[in-house]
Amino acid sequence: MCGIIGVLGKHEVSPIIYDALKRLEYRGYDSAGIATVNEGTLDRRRAVGKLINLSDLLVHQPLPGRAGIGHTRWATHGGPSVANAHPHQAGRVAVVHNGIIENFRALRSELTEQGVAFDSETDTETIVQLASQYLSQGMTPVQAARATLKRLDGAFALAFLFEGEDDLIICARRGSPLCIGHGTGEMYLGSDAIALAEMTDRITYLEEGDWAILTRDGVQIFDAEDHQTSRPLTRINAAQARVDKSGHRHFMAKEMAEQPAILQASMAAYSGPGEGGINLPEGLDFAQADRLILVACGTAYYACQVAKYWFEQFAGIPVELDIASEFRYRQPVLGRANMAIFVSQSGETADTLAALRHVRPHVGQVAAVVNVPTSSIARESDVVLPIHAGPEIGVASTKAFTAQMQVLALLALAAGRARGHLDADTFAARMDDLRAAPGYIAQALDREDDIRRLTEMLSKARDVLFLGRGVMYPLALEGALKLKEISYIHAEAYAAGELKHGPIALIDEDMPVIVLAPHDALFEKTASNMQEVLARQGKVLLISDARGLEEAGEVPWRLQMPRVPDLIAPMVYAVPAQLIAYHTALHRGTDVDQPRNLAKSVTVE
Ligand code: M6R
């Protein structure tokens, strides 16, 4: 949720930390701050709102020092304010923190009873106050950090910086990712490798429970039992990890435009000498699975919802679908013959990770469909299926959605063959459909000008309905989610046939209704539901192919999509859903890449 960074540099670190925070801003943008040690003196600057406000502050109040930590915040405990912004400082220690300290109330009252006065409403301040207490009892910084870590419950990543210590940062990972970057005479730490990509391509990922002592000479890593340990040093592809808009106005625009190339590259990555020219990682046994459990959040959940249709159709396997944040709080009946698949762009979503940990001991196989192969969800799964989408920075997930669907489609087809449910010819034909997807997506992207024009009327709406049947129902849900999160227009999605069971009462001449309906086996049914809306003066925008538009008759607004094979229709129709949200948001002047109240990676439950 929040982004953290640490630098022990040869030169002034504030500008370096600020630049790294820019790359982490997608994780939260409620406030930001930097602390440094300069000739032994600990000092900090913090500002509410976007990072640019911190930049303004640093212009007027520079922050010298060659050792520093920085933070960009997504508020959990305590609203966005300077007092609640990180780094938090007490006495001789400052801390940046991502995650939640679950026992902070108990710690806070214990410290308050000892006379400690708190400056903020955050859980983080308990960390820094505890560490400060330990320092004043005569502990060294390392002892104080270790003693503090032992008192904390919850999932977090954090970094300590100490007054008088120009060559020391202590950091810890428990439940939230943290990686160490190796420079030449410099050391770094960050919430992800993207943050460090401009500084180094040599990265060590801390394991769960690890804590580490950084000096400019290197890093000492300790496991949860305080045994010194070593973790592999990996080289990242710094060019791939670097993030820029490549000339686009927004990351979201760039990421939508990348979709054809990404799907093509991902298909190539999964190509091989296997059946149908496809190779999946070893270790998945669909033939032995009696049930599939698909778990995810948000957009990734909608990709799973589409995939449910495919697994049932192509593989004849029962599929259970769950929202990760709900999954643990019912009593799902699990068994060794079940296969669970967790889908997550970031691979760090706390709800999805918690669901994975809950399921792990009970099911036979655990697979992850992720964009970040080094993520926690990937590490804790038996089999990892990367979606090869590259860094997704826009808070609204776009390219990850289509890439997730592509990998899930590959899996469903492979499952169909493994289970003897799909004959070789049909399998080969569906594989050809998948290979054609990038071309059709490119055609859908070419409709951008038409979509821009249509969104002028949508941008004035207070509420919007999306309708779809079959695989277009999850697409309707995704369209409504995209519109809500970046344009702040209230949007709902319904299975088209469900409208008459209540929501049709909402229809009037002010309510735009977007109908996603390729001319497939369900088209006539959806068209009938659309007529029910039209009969009540609803303002329908029909998104269909030439045949669907022709058969639909008079409709106020229409958008023509290419005629596509059924299998890839959800990937192609994702594009108008995304572009509608994007252009509506532009008309309304909202912040497309960093919409209010949100963060890209949701690492709190
Ligand atoms: O990283 P994940 O795929 O696990 O994230 C899941 C959701 O938080 C994410 O899809 C969210 O709903 C997006 N903002 C939607 O655009």
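Under my numbering, the first residue of the sequence shown is numbered -2, with each subsequent residue one higher.
Glycine included, every Cβ here is placed at the ideal spot set by N, Cα and C.
For residue i, which of helix, strand or coil comes out of DSSP?
i    : result
R376 : helix
V367 : strand
M136 : coil
D517 : coil
C301 : helix
V461 : strand
A29  : strand
F219 : strand
H355 : helix
V572 : helix
L5   : strand
F153 : strand
S263 : helix
F159 : strand
E489 : strand
E195 : coil
G494 : helix
Starting from the C-beta of residue i, find all residues in its chain whose C-beta is less than 7 Å away, skip the five residues before and the five after it, and write them out in chain order.
i    : result
A409 : A304, W307, F308, F311 and A312
G417 : none
G6   : I13, R63 and E183
R414 : E272 and F424
F248 : K242, I390, G391 and D590
T581 : T452, L455, S456, L480, S484 and I486
E162 : V34 and P138
V10  : V4, T33, G62, R63, A64 and G65
Q575 : M253, T395 and K479
G280 : D379 and V380
Can you list, in chain order, the residues of its chain with a C-beta nearer than 6 Å to that of residue i? Leave out the 5 residues immediately preceding and following it.
i    : result
A596 : M(-2), R24, G25 and W71
S552 : The question names Ser, but residue 552 in the sequence shown is Val. V537 and L539.
A221 : G206
G0   : L21, R24, T69 and S188
A17  : I2 and A192
F419 : The residue asked about is misnamed: residue 419 is Leu in this sequence, not Phe. Once the five neighbours on either side are set aside, the close Cβ partners of L419 are F311 and G413.
F463 : A473, G476, A477, A490 and I511
R333 : G361
Q256 : K396, T399 and I438
L277 : A411
P471 : Y299, Q302 and V303
Determine the closest residue to residue i out of the options, with distance taken between C-alpha atoms.
i    : options                   : result
H85  : Q591, L155 and L353       : L155
S188 : M136, N594, G180 and P174 : P174
L211 : I167, E204 and R246       : I167
L39  : I124, N335 and F157       : F157
G30  : R20, A44 and C301         : A44
D223 : L230, A169, D198 and L260 : A169
P388 : F219, A266 and A192       : A192
I338 : L350, F398, Q328 and V330 : L350
Y437 : K19, I124, T226 and A571  : A571
A103 : D150, S541 and A87        : D150
A265 : E506, F463, A386 and G46  : A386
Q403 : D287, V366, P370 and G244 : V366
L407 : A397, S394, D422 and L431 : L431
G172 : A91, R354 and A190        : R354
A524 : Q534, A82, R228 and S541  : S541
E602 : L405, A321 and R199       : A321
G76  : G46, G96 and K251         : G46
L405 : G215, Q261 and A300       : A300
V330 : Q134, R357 and S341       : R357
I290 : L318, A284 and D282       : L318
Just to confirm my understanding: we take residue i, look at its own chain, exclude 5 residues before and 5 after, and list those with CB closer than 8 Å. What are they?
i    : result
R544 : H516 and R560
N234 : D198
A254 : H245 and L442
R325 : A351, A352 and H355
Is residue i near the ligand ADP, in the sense that its beta carbon is under 7 Å from a heavy atom of that ligand?
i    : result
L318 : Among the ligands present in this structure, namely the ligand M6R, the ligand ADP is not found.
Practice task
For the ligand M6R, enumerate in chain order all residues having a CB closer than 5 Å to any of its heavy atoms.
Solution key: Answer in sequence order: C294, G295, T296, A297, S341, Q342, S343, T346, A393, S394 and V599.
Exercise for the section: Tell me, please, whether the stretch 53 to 67 touches the stretch 111 to 131 by the rule of three or more beta-carbon pairs shorter than 8 Å. Expected result: no
Problem - Stretch pair the stretch 21 to 40 + the stretch 65 to 79: three plus CB contacts closer than 8 Å - result: Judged by Cβ distances under 8 Å, the stretch 21 to 40 makes contact with the stretch 65 to 79, as three or more pairs qualify.
Exercise for the section: Indicate whether the contact test is met: 3 or more Cβ pairs, each with one atom in the stretch 440 to 453 and one in the stretch 551 to 563, closer than 8 Å. Expected result: yes
Problem - Cβ pair count under 8 Å reaching 3, the stretch 564 to 582 against the stretch 518 to 527 - result: no
Practice task
Kindly confirm or deny that the stretch 497 to 504 and the stretch 321 to 339 touch, where touching means at least three C-beta pairs closer than 8 Å.
Solution key: no
Handout entry: Touch test, the stretch 74 to 91 against the stretch 129 to 146, Cβ-Cβ under 8 Å, three pairs minimum
Key = yes
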